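Numbering (this note's numbering), first residue to last: 5 to 86.
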Ligand SMILES: [Zn+2]
């Protein structure tokens, strides 16, 4: 398949793994250092699936629980109005 060959070519030239998003890329490129330096980081919580604000169970795919997700939406709205 042409697309797959192109993808492999790009990967070979850049000599790095493609990540689905920048958060994953950051995590994978820094995980050794991060895990050593801090025990309970934002990324650890994200990995564990707990809210980064309160430690409750986070919603699927995001780093906040339902309560803090709603609060976050509120913050974003305020930020846009300013
Ligand atoms: Zn929370």
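Quick reminder that beta carbons are idealized off the backbone N, C-alpha and C, glycines included. Treat the numbers as computed from the prediction; the structure is a model and nothing was measured.
Check: Any heavy atom of ligand 1 within a distance shorter than 6 Å of the CB on residue 60?
Finding: yes
field: Cβ pair residue 23, residue 47 closer than 7 Å
entry: No, these two residues do not count as a Cβ contact at 7 Å.
Got a sec, what are the start and stop residues for the alpha helix (DSSP H) residue 23 sits in? Counting along the chain, residue 23 falls outside any alpha helix (DSSP H), and DSSP gives it neither H nor E.
ask   = How would you label residue 21, buried or exposed, when you count the other beta carbons within 10 angstroms and need 16 or more for buried?
value = exposed
| request: Give the straight-line distance between the Cα atoms of residue 10 and residue 75, rounded to the nearest whole angstrom. | output: 43 Å
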